[in-house]
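Undergrad: Those protein sequences? They're chains A and B, same order as listed.
In terms of the numbering used here, the first sequence opens at residue 2 and continues consecutively.
In terms of the numbering used here, the second sequence opens at residue 2 and continues consecutively.
Protein chains: 2
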Amino acid sequence: MVRPHPAIAPIAVLVGRWSGRGHGEYPTIEGFDYDETVEFSHVGKPFLVYRQTTTDPGDGRPLHEELGYWRLARPNWVEIVVAQPTGIVEVSEGEFDGSSFRLRSKAVQRATSAKEVTVIERDLNIDGDVLRYSLRMAAVGHPLARHLSAELVRVG
Amino acid sequence: MVRPHPAIAPIAVLVGRWSGRGHGEYPTIEGFDYDETVEFSHVGKPFLVYRQTTTDPGDGRPLHEELGYWRLARPNWVEIVVAQPTGIVEVSEGEFDGSSFRLRSKAVQRATSAKEVTVIERDLNIDGDVLRYSLRMAAVGHPLARHLSAELVRVG
Chain A
2 MVRPHPAIAP
12 IAVLVGRWSG
22 RGHGEYPTIE
32 GFDYDETVEF
42 SHVGKPFLVY
52 RQTTTDPGDG
62 RPLHEELGYW
72 RLARPNWVEI
82 VVAQPTGIVE
92 VSEGEFDGSS
102 FRLRSKAVQR
112 ATSAKEVTVI
122 ERDLNIDGDV
132 LRYSLRMAAV
142 GHPLARHLSA
152 ELVRVG
Chain B
2 MVRPHPAIAP
12 IAVLVGRWSG
22 RGHGEYPTIE
32 GFDYDETVEF
42 SHVGKPFLVY
52 RQTTTDPGDG
62 RPLHEELGYW
72 RLARPNWVEI
82 VVAQPTGIVE
92 VSEGEFDGSS
102 FRLRSKAVQR
112 ATSAKEVTVI
122 ERDLNIDGDV
132 LRYSLRMAAV
142 GHPLARHLSA
152 ELVRVG
């Protein structure tokens with residue numbers, strides 16, 4: 002088993018699989034629940050590999066997913082790069098205090114056919130084997146608004 | 002086994018694992034060879050999941066990797082979103098003629114601590130069970146220059 006690269010040791014607490022239930026909402030849509038699995042892994046290099054998938058709690062069909070990398074620019078400053086199959090890419094950065102991340106998008110870009118997303122804010126907290134997060138976004142002409150929140154537990 | 006979503010049927014030829022040898026170069030670095038595996042998969046939704054990893058042919062240590070999604074905006078027009086652990090995100094778009102992709106970045110963004118990359122061009126060709134690609138980029142003050150080329154064969 003390769004050990005995490007020293008440059009990401011402070012955030013190696015994320016490594017593993019996390020699973021649980023979330024709730025989504027936005028001014029333009031009906032609220033909805035989702036089942037989610039988040040996985041952080043590493044290959045011994047100075048970044049974490051991030052993959053998130055959600056499914057419908059009723060019939061299990063796949064909903065959203067996203068992929069990316071998390072890295073530390075310095076011990077208390079996180080940079081993440083994320084690609085979303087909706088045609089969105091995101092660079093977000095922010096503080097990490099040992100248990101909480103407060104990330105805000107530095108850049109959001111989109112493919113020509115994708116819906117407009119202009120700002121993404123992610124708050125994430127690790128409390129033992131519990132991972133909680135919330136996500137706000139500004140999209141399709143709306144100002145920053147609550148979009149997602151979930152509570153996951155470590156399952157691997 | 003879920004069938005590919007009709008919206009990506011034209012590019013479903015990519016689905017599978019491809020492996021082989023590549024060569025890298027750039028005005029700022031020594032040329033190098035690499036072993037590469039590219040995997041395209043899908044979950045029945047209108048996008049392909051893309052993951053690429055490379056390793057050193059000598060000692061097998063991980064080199065580059067990237068993650069993202071490929072989608073079709075229309076039958077002959079591809080949009081890809083890619084995240085790279087070097088702190089780079091990319092939206093590239095271009096023509097697909099049934100066997101060849103010619104993609105050029107519409108946007109490249111980077112984390113604050115990442116090196117500057119401004120343009121990425123990817124040519125990719127599928128010829129039966131052979132996938133060939135080349136990648137050019139403009140980075141760290143240099144104009145568009147050859148960076149990567151590889152020939153992979155379908156292994157799964």
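For every residue, glycine included, the Cβ atom is placed at its ideal position computed from N, Cα and C.
Owing to the predicted nature of the structure, the values given are computational and were not obtained by experimental measurement.
(1) Say whether the region 65-78 of chain B touches the region 7-19 of chain B, bearing in mind that this needs 3 or more beta-carbon pairs closer than 8 Å, one atom from each stretch.
(2) Mind listing the chain B neighbours of A/Ile89? Cutoff is C-beta to C-beta under 7 Å, in chain order.
(3) For chain B, find out if any of its Cβ atoms is closer than 8 Å to the Cβ of A/Tyr35; answer yes or no.
(4) Evaluate A/Met2 with the Cβ neighbour count: other Cβ atoms within 10 Å of its Cβ, from every protein chain shown; 16 or more gives buried, anything less gives exposed.
(5) Am I right that A/His24 and A/Asp34 are in contact with their C-beta atoms under 8 Å? What's the rounded C-beta distance?
(6) Judging by CA-CA distance, which residue of B/Pro144, B/Asp130, B/Ala146 is the nearest neighbour of B/Glu152?
(7) Just to make sure I have the definition right: I need the residues of chain B whose C-beta is within less than 7 Å of the C-beta of A/Gly7. Which are they?
(8) Verify whether the separation of the beta carbon atoms of A/Leu15 and A/Leu68 is less than 8 Å.
(9) I want to verify the contact list: residues of chain A whose CB lies under 8 Å from the CB of B/Phe48, in sequence order.
(10) CA-CA distance, A/Ser220 and B/Pro5?
(11) Going along chain A in order, which residues have a C-beta closer than 7 Å to the C-beta of B/Gly69?
(12) The beta strand (DSSP E) spanning B/Ile127 covers which residue range?
(13) In angstroms, rounded to a whole number, what distance separates the CA positions of A/Val92 and B/Tyr51?
(14) Mind reading off the beta-carbon distance from B/Arg111 to B/Ile89? Whole number of angstroms is fine, and I expect it under 8 Å.
(15) How would you write the range of the beta strand (DSSP E) that A/Leu73 sits in, first residue to last?
(16) For B/Thr54 and B/Pro63, which I take to be in contact (beta-carbon distance under 8 Å), what is that distance rounded to the nearest angstrom?
(17) Residue range of the beta strand (DSSP E) that B/Leu49 falls in?
(18) For A/Thr29, tell me which candidate among A/Arg147, A/Gly157, A/Ser101 has the shortest Cα-Cα distance.
(19) Select from the region 107-122 of chain A all residues with a C-beta closer than 9 Å to any C-beta belonging to chain B, and list them in chain order.
(20) Going along the chain, which residues of its own chain have a beta-carbon closer than 6 Å to the beta-carbon of A/Gly17, five neighbours each way excluded?
(21) Let me check understanding here. Comparing Cα to Cα, which of B/Arg123, B/Ala84, B/Glu117 lies closest to B/Phe102?
(22) Please report the distance separating the alpha-carbon of A/Gly95 from that of A/Val83.
(23) Using the three-state DSSP reduction, which class does B/Val14 fall into: helix, strand or coil?
TA: According to the data block:
(1) Touching, yes.
(2) Locating residue 89 of chain A in the first sequence gives position 88, where the first residue counts as 1. The contacting residues are Val82.
(3) Here residue 35 of chain A is taken as the residue at index 34 of the first sequence, counted from 1. No, no contact with chain B.
(4) Locating residue 2 of chain A in the first sequence gives position 1, where the first residue counts as 1. A residue is called buried once 16 or more other Cβ atoms fall within 10 Å of its Cβ, and A/Met2, having fewer, is exposed.
(5) As a position in the first sequence, residue 24 of chain A is number 23, starting the count at 1. As a position in the first sequence, residue 34 of chain A is number 33, starting the count at 1. Contact flag correct, Cβ pair sits at about 5 Å.
(6) Along the second sequence, read from residue 1 onward, the residue named residue 152 of chain B stands at position 151. Of B/Pro144, B/Asp130, B/Ala146, the residue nearest in Cα terms is B/Asp130.
(7) Translated into the one-based positions of the first sequence, residue 7 of chain A becomes position 6. For clarity, residue 7 of chain A is Pro in the given sequence; the question names Gly instead. Here the premise fails: no neighbours, minimum Cβ distance about 16 Å.
(8) Counting from one through the first sequence, the residue named residue 15 of chain A turns up at place 14. Counting from one through the first sequence, the residue named residue 68 of chain A turns up at place 67. The Cβ atoms of A/Leu15 and A/Leu68 do not sit closer than 8 Å to each other.
(9) Position 47 of the second sequence, counted from the start, is the residue given in the question as residue 48 of chain B. Going along chain A in sequence order, the residues near B/Phe48 (Cβ under 8 Å) are Pro86.
(10) Outside the displayed span of chain A (2 to 157) sits residue 220 of chain A, for which this structure offers no information.
(11) Mapped onto the second sequence, residue 69 of chain B falls at position 68. Leu68, Ala84, listed in chain order.
(12) On the second sequence, position 126 is the one that residue 127 of chain B refers to. Here the beta strand (DSSP E) through B/Ile127 covers 118-128.
(13) The sequence position of residue 92 of chain A within the first sequence is 91, counting from 1. The sequence position of residue 51 of chain B within the second sequence is 50, counting from 1. Taking the straight line from one Cα to the other gives about 19 Å.
(14) As a position in the second sequence, residue 111 of chain B is number 110, starting the count at 1. As a position in the second sequence, residue 89 of chain B is number 88, starting the count at 1. So it is a contact: roughly 5 Å between Cβ atoms.
(15) Here residue 73 of chain A refers to the residue found at position 72 when the first sequence is read from its first residue. If you look at A/Leu73, you'll find it in the beta strand (DSSP E) that goes 63-75.
(16) Residue 54 of chain B sits at position 53 when you count from the first residue of the second sequence. Residue 63 of chain B sits at position 62 when you count from the first residue of the second sequence. Yes, B/Thr54 and B/Pro63 are in contact; Cβ-Cβ is about 7 Å, under 8 Å.
(17) What you label residue 49 of chain B is simply residue 48 of the second sequence in a count that begins at 1. Segment 49-56, the beta strand (DSSP E) holding B/Leu49.
(18) Within the first sequence, the letter at position 28 stands for residue 29 of chain A. Of A/Arg147, A/Gly157, A/Ser101, the smallest CA-CA separation from A/Thr29 is found for A/Arg147.
(19) Listed in sequence order: Lys107, Ala108, Val109, Gln110, Arg111, Ala112, Thr113, Ser114, Ala115.
(20) In the first sequence, the residue the question calls residue 17 of chain A occupies position 16. Same-chain partners within the cutoff: Arg155, Gly157.
(21) Residue 102 of chain B sits at position 101 when you count from the first residue of the second sequence. Measuring from the Cα of B/Phe102, the nearest candidate turns out to be B/Arg123.
(22) Within the first sequence, numbered from 1, the residue matching residue 95 of chain A stands at position 94. Within the first sequence, numbered from 1, the residue matching residue 83 of chain A stands at position 82. In a straight line, the C-alpha of A/Gly95 is about 14 Å away from that of A/Val83.
(23) Residue numbering aside, residue 14 of chain B sits at position 13 when the second sequence is read from its first letter. The answer is helix: DSSP assigns B/Val14 an H, G or I state.
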